[in-house]
Each structure stands twice: as structure tokens, then as C-alpha cells.
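S.K.: Encoded as C-alpha cells, here's the structure I'll be asking about.
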Amino acid sequence: MSKTDIRPVRLPPEETETANRALSRVRGYLERHRDTPKIDVTVEGEGAEPLTLPREAVELLATMLAHMAAGRSVSIVPQNAELTTQQAADLLNVSRPFLIGLLQAGEIEYRKVGKHRRIPASSLLEYKRRDDERRREAAEELTQLGQEMGLI
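By the count of my numbering, the sequence shown reaches residue 267 at its end, each step adding exactly one.
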């Protein structure tokens with residue numbers, strides 16, 4: 116199994132305008148060519164030969180550009196990737212001991228390889244989705260309570 120590199124990529128602030136311009140062009144092309152399954156891209160300096168990409172790859176590129184143009188870091192994690200506990204903790208922005216507590220509590224699926232834990236990316240992302248939903252619900256309840264008490 117190859118090592119999964121999930122280091123986040125963030126554009127320097129001076130490059131966000133470049134990302135915005137590229138995003139606008141990519142979105143425009145996708146909009147005008149809705150039924151095109153493959154897209155030819157010309158890369159300068161490569162002999163101007165078109166590079167053919169699946170539409171899905173170009174749509175993913177547009178999503179990445181949108182996040183990067185907004186100043187957010189981007190990581191790509193294959194759906195079937197298995198992460199180390201440190202990689203998973205970094206993705207959740209929690210400490211490794213806190214993540215291990217989540218694993219032991221059964222909140223996130225994992226398997227052991229020797230003495231090491233491996234977490235399926237899909238399981239980690241499902242936990243993140245559930246946790247985000249719980250946080251949204253709690254925020255809504257607090258807002259409702261604040262309104263009932265006349266604090267908001």
C-alpha cells in the first residue's frame with residue numbers, strides 16, 4: 116500500500132486572484148459544454164498538444180480552485196485511503212490522544228495492523244459529517260433559547 120499524502124495546500128495570498136480568474140474560466144466552460152464527457156486542455160510549454168481530461172476531473176479542479184481562491188486549504192483524500200492516527204487527527208484538527216479516544220469509544224471505524232491503527236477515510240469523513248450536524252443542531256438550539264430569553 117502506498118503512503119497517502121494528505122498535506123493541505125494553501126495558495127499564497129497574491130495567487131488568489133489567479134485562482135479566481137481560472138475558476139471563472141473553468142466554470143464558464145463547464146456551463147457552456149454541459150454534455151461534454153472529456154475536456155481538452157492546452158498546456159503552454161508542452162508543445163501545445165491538448166491534454167484530455169475526464170469531465171469529473173475538471174469539476175474537481177473547479178471545486179479546488181473555489182476553495183483556494185477563498186483562502187482555504189485543500190487536501191485530496193482518496194475514498195478508499197487508510198489514514199494513520201496522526202493523519203486522521205490532523206484532518207479533524209484534534210490531538211492524536213483525542214482521536215484515539217474517539218476510536219476506542221466506537222465513534223470512528225478503524226482496524227489494527229500489528230500495533231498500529233488504520234482509519235478508513237470514508238469512516239473519518241462520515242464521523243466529521245455527523246459531528247458537523249450535531250454542532251449545527253446545538254447552535255440552532257442555543258439560538259432558539261437565546262431568542263426565547265430575549266438575548267438575541
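Idealized CB from N, CA, C, for every residue including glycine. A quick note: this is a predicted structure, and the numbers were derived from the prediction, not measured.
#1: Buried or exposed: where does Leu175 fall if 16 or more other Cβ atoms within 10 Å of its Cβ makes it buried?
#2: How long is the line joining the alpha carbons of Leu198 and Thr151, rounded to whole angstroms?
#3: From Gly216 to Gly143, what distance separates their C-alpha atoms?
#4: Using 7 angstroms as the threshold, is the C-beta distance between Pro123 and Ser210 below it?
#5: Which of the three DSSP states is assigned to Glu272 in this structure?
#6: In terms of residue numbering, what span does the beta strand (DSSP E) encompassing Pro169 cover?
#7: Once DSSP output is grouped into helix, strand and coil, what is the label at Thr151?
M.R.: Walking through what the data contain:
#1: The residue in question, Leu175, is exposed, as its Cβ has fewer than 16 Cβ neighbours within 10 Å.
#2: Using only the alpha carbons, I get a separation of about 35 angstroms.
#3: Each residue's Cα considered, the two are about 46 angstroms apart.
#4: Between Pro123 and Ser210, the gap from beta carbon to beta carbon reaches 7 angstroms or more.
#5: Missing from the structure shown is residue 272; the chain here goes from 116 to 267 and no further.
#6: First-last of the beta strand (DSSP E) with Pro169: 165 to 169.
#7: In this structure, Thr151 counts as coil in the three-state DSSP scheme.
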